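Trainee: Mapping of the sequence shown onto UniProt numbering: residues 1 to 258, in sequence order.
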Amino acid sequence: MNLDYSGKTVLLTGAASGIGKGLARAFAEQGARLELLDRNGEALAAVAEALHNLTAVTISTLDLGDSAAVAAFAAGREGRPIDVLINNAGVEYATPLSDTGSAADAHWQALLDNNVASMLRLTRALQGQLKAGSSVINQASIWGLKGVPGFSAYVASKHAVIGLTRSLAWELGPRRIRVNAVCPGWIGTEAAMRSLKVMADTNGRSEADELAIILAAQAVPELLTPADLAGTFLFLGSALALPLTGQALSVSHGEVMH
Numbered sequence: 001m002n003l004d005y006s007g008k009t010v011l012l013t014g015a016a017s018g019i020g021k022g023l024a025r026a027f028a029e030q031g032a033r034l035e036l037l038d039r040n041g042e043a044l045a046a047v048a049e050a051l052h053n054l055t056a057v058t059i060s061t062l063d064l065g066d067s068a069a070v071a072a073f074a075a076g077r078e079g080r081p082i083d084v085l086i087n088n089a090g091v092e093y094a095t096p097l098s099d100t101g102s103a104a105d106a107h108w109q110a111l112l113d114n115n116v117a118s119m120l121r122l123t124r125a126l127q128g129q130l131k132a133g134s135s136v137i138n139q140a141s142i143w144g145l146k147g148v149p150g151f152s153a154y155v156a157s158k159h160a161v162i163g164l165t166r167s168l169a170w171e172l173g174p175r176r177i178r179v180n181a182v183c184p185g186w187i188g189t190e191a192a193m194r195s196l197k198v199m200a201d202t203n204g205r206s207e208a209d210e211l212a213i214i215l216a217a218q219a220v221p222e223l224l225t226p227a228d229l230a231g232t233f234l235f236l237g238s239a240l241a242l243p244l245t246g247q248a249l250s251v252s253h254g255e256v257m258h
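Listed below in structure tokens is the structure:
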């Protein structure tokens with residue numbers, strides 16, 4: 001897919017690794033001006049260095065859980081309209097019902113704050129800087145479309161991202177701002193492979209056997225890569241997707257069809 005983003009500003013969170021790192025490269029290759037955010041400043045700087053020959057890149061080390069820091073960041077970039085906002089930052093870990101320890105509730109709530117409240121926090125702070133006709137793309141998951149044992153907080157957070165997406169589509173629609181969610185399936189990122197290990201250990205299987213079962217549930221039995229998602233994000237951020245808002249697109253090699 002060859003989409004020209006020359007002159008467009010794309011703000012991307014969680015850009016230092018995994019899917020975010022892959023999306024940063026994809027939009028850079030299409031000429032977008034990038035604003036990359038992450039908590040890991042060192043890794044973020046390395047991503048920017050790798051892309052500086054492709055496009056203009058600005059980076060900000062930011063904890064999206066810090067309301068004051070998010071407000072300060074938004075105030076500091078006032079006057080620079082955003083064409084595409086990609087809320088990609090998030091975490092993934094197991095929260096089994098069997099965990100009744102003293103930190104279980106905090107562990108559960110922290111995941112929801114990382115994956116949902118932080119997304120709302122940044123979008124709310126930047127809403128006045130979103131151009132008419134701009135696109136907001138929220139990172140969800142196929143686990144936001146189904147249930148998975150042992151990962152209740154992550155699953156709940158991704159269901160919530162889809163609900164948030166649909167509500168914001170109505171709120172921002174009068175300004176011709178589109179809000180959609182992408183629901184990736186199994187991707188070979190470090191975070192996904194950690195979850196794979198947890199599932200394998202829980203089920204008493206090897207990681208290879210667990211992965212084979214997962215892939216057998218897909219119409220195309222292959223792991224996705226961050227690069228495989230790029231076309232969907234490039235499409236949703238472009239004028240080609242003008243009729244689409246409030247949608248949750250499953251990008252999962254057919255594991256979830258709806």
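The C-beta atom is built at its ideal place from N, Cα and C for all residues, glycine as well.
These numbers were taken from a predicted model, which means no experiment stands behind them.
Are residue 26 and residue 234 close, meaning C-beta to C-beta below 8 Å?
Mentor: yes
Trainee: So what does residue 184 bridge to, in DSSP terms?
Mentor: 251
Trainee: Mind reading off the beta-carbon distance from residue 99 to residue 8? Whole number of angstroms is fine, and I expect it under 8 Å.
Mentor: That pair is no contact at about 44 Å.
Trainee: From 204, 237, 196 and 229, pick the residue whose C-alpha is nearest to that of residue 4; which is it?
Mentor: 237
Trainee: Going by the DSSP bridge assignment, what does residue 92 pair with across the sheet?
Mentor: According to the DSSP secondary-structure assignment, residue 92 is paired through a beta bridge with no residue.
Trainee: Cα-Cα, which of 191, 177 and 35 is closest to residue 17?
Mentor: 191
Trainee: Inspect the beta-carbon positions of residue 165 and residue 138 and report whether they are closer than 8 Å.
Mentor: yes
Trainee: Taking the Cβ atom as the reference point for each residue, do residue 218 and residue 185 lie within a distance shorter than 8 Å?
Mentor: yes
Trainee: Relative to the C-alpha of residue 134, which residue among 23, 81, 113 and 93 is closest?
Mentor: 81
Trainee: Suppose the cutoff is 7 Å on Cβ atoms and the five residues either side in sequence are ignored; what does the same chain contact list for residue 40 look like?
Mentor: 16
Trainee: Do you know offhand how far residue 58's Cα is from residue 123's?
Mentor: 18 Å
Trainee: So what does DSSP say about residue 171, is it helix, strand or coil?
Mentor: DSSP places residue 171 in helix when its eight states are reduced to three.
Trainee: How many Å lie between residue 32 and residue 23 at the Cα?
Mentor: 11 Å
Trainee: My parser needs the beta strand (DSSP E) runs of 3 or more residues fully inside the segment 15-76; what are they?
Mentor: 33-38 and 57-61
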